[in-house]
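Novice:
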Amino acid sequence: MKECSEECKISVNEFMPGDPDTFGFFGEKDVQINKTAAASIIQKYFSDFPDTKAVIQHYLPDYIPEDEYDLVRYQAYTSLGDMTLVCPDVYYAEKCSEKGSDVFFYFWTHRSSTTPWAPWMGVVHFSELDFVFGLPLLSPKLSRTGTKNQPTDD
Numbered sequence: 001m002k003e004c005s006e007e008c009k010i011s012v013n014e015f016m017p018g019d020p021d022t023f024g025f026f027g028e029k030d031v032q033i034n035k036t037a038a039a040s041i042i043q044k045y046f047s048d049f050p051d052t053k054a055v056i057q058h059y060l061p062d063y064i065p066e067d068e069y070d071l072v073r074y075q076a077y078t079s080l081g082d083m084t085l086v087c088p089d090v091y092y093a094e095k096c097s098e099k100g101s102d103v104f105f106y107f108w109t110h111r112s113s114t115t116p117w118a119p120w121m122g123v124v125h126f127s128e129l130d131f132v133f134g135l136p137l138l139s140p141k142l143s144r145t146g147t148k149n150q151p152t153d154d
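The sequence shown begins at 1 in UniProt numbering and counts up one residue at a time.
#1: Going by DSSP, which residues form a beta bridge with I64?
#2: Taking the alpha helix (DSSP H) that P88 belongs to, which residues open and close that run?
#3: Quick one, which of S112, W117, M121 and T78 has its alpha-carbon nearest A132's?
#4: Could you tell me which of V72, P116 and Y45 sits nearest to Q32, measuring between CA atoms?
#5: Do I64 and K35 have their C-beta atoms closer together than 8 Å?
#6: Can you list, in chain order, the residues of its chain whose CB lies under 7 Å from that of T109, leaving out five sequence neighbours each side?
#7: Flag this pair as yes or no: are the beta carbons of L85 and H125 separated by less than 8 Å?
#8: Among T114, D82 and F46, which one has its Cα closest to the Cα of D130?
#9: Using only CA atoms, which one of Y92, I56 and W117 lies nearest to A37?
#10: Indicate whether S97 and V103 have their beta-carbon atoms separated by less than 8 Å.
#11: If I measure Cβ to Cβ from F49 and keep anything under 7 Å in the same chain, skipping five residues before and after, which residues do I get?
#12: Compute the distance between the beta-carbons of F107 and M83, then report whether it is under 8 Å.
#13: Look up G134 in the DSSP assignment and say whether it is helix, strand or coil.
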């Protein structure tokens with residue numbers, strides 16, 4: 001496991017999900033960062049926000065211990081997802097709704113058996129497209145679930 005202490009210097013680019021040294025891909029997938037390092041990362045992500053301390057407190061409240069590595073990593077990862085995907089989408093949806101448009105959201109929760117991403121990342125953004133556009137039906141050899149690749153009426 002790669003451990004990151006407060007002494008480590010992590011740039012925002014190094015923490016992006018595509019960086020194999022931090023998030024794993026073909027290598028280490030169980031990166032551990034402590035609360036101090038995560039706070040530093042969140043500070044860098046949200047540096048343009050008016051109250052970064054409040055953002056850090058939101059994702060890393062006092063009751064989370066310094067060495068609760070899995071939770072700290074999850075919270076830092078969630079902060080990035082909220083900033084880049086969730087919050088802008090919710091804001092846009094609210095504005096569309098205010099104008100009278102119907103707005104719908106979905107949360108894709110199925111984790112593909114062929115995903116290269118570390119399990120702690122859950123179901124990552126964009127992973128639903130293979131299913132939306134029928135990749136399991138077009139390339140059955142990619143499916144390792146043993147289930148039938150037949151559409152249902154559900």
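Where a beta carbon is used, it is the ideal one built from N, C-alpha and C, also for glycine.
Specialist: According to the structure data:
#1: By one-based count along the sequence shown, residue 64 stands at place 64. In the DSSP assignment, I64 forms no beta bridge with any residue.
#2: Translated into positions along the sequence shown, residue 88 becomes position 88. Per DSSP, P88 is one residue of the alpha helix (DSSP H) stretching across C87 to E98.
#3: Within the sequence shown, the letter at position 132 stands for residue 132. Checking the displayed sequence, the identity of residue 132 turns out to be Val instead of Ala. Looking at the Cα atoms, S112 is the closest of the given residues.
#4: In the sequence shown, the residue the question calls residue 32 occupies position 32. Out of V72, P116 and Y45, the CA that lies nearest to the CA of Q32 is found in V72.
#5: Locating residue 64 in the sequence shown gives position 64, counting from the first residue. Locating residue 35 in the sequence shown gives position 35, counting from the first residue. Inclusion of I64 and K35 in the CB contact set at 8 Å is warranted, their separation being smaller than that value.
#6: As a first step, residue 109 is located in the sequence shown; it is residue number 109 there, counting from the start. Here the set comprises V123.
#7: Taking the first residue of the sequence shown as position 1, residue 85 is located at position 85. Taking the first residue of the sequence shown as position 1, residue 125 is located at position 125. Cβ distance < 8 Å, so L85 and H125 count as in contact.
#8: Counted from its first residue, the sequence shown places residue 130 at position 130. Taking each of T114, D82 and F46 in turn and checking the Cα distance to D130, the smallest one comes out for T114.
#9: Taking the sequence shown and counting its residues from 1, one reaches residue 37 at position 37. Selection Y92, I56 and W117 evaluated against A37 yields I56 as nearest (Cα-Cα).
#10: Taking the sequence shown and counting its residues from 1, the one referred to as residue 97 is at position 97. Taking the sequence shown and counting its residues from 1, the one referred to as residue 103 is at position 103. Their beta carbons are under 8 Å apart, which means S97 touches V103 by this criterion.
#11: Within the sequence shown, numbered from 1, the residue matching residue 49 stands at position 49. The beta carbon of F49 sits closer than 7 Å to those of V55, all from its chain and outside the five residues before and after it, given in chain order.
#12: Along the sequence shown, read from residue 1 onward, the residue named residue 107 stands at position 107. Along the sequence shown, read from residue 1 onward, the residue named residue 83 stands at position 83. The Cβ atoms of F107 and M83 do not sit closer than 8 Å to each other.
#13: Looking up residue 134 in the sequence shown gives position 134. Per DSSP, reduced to three states, the secondary structure at G134 is coil, with no helix or strand assignment.
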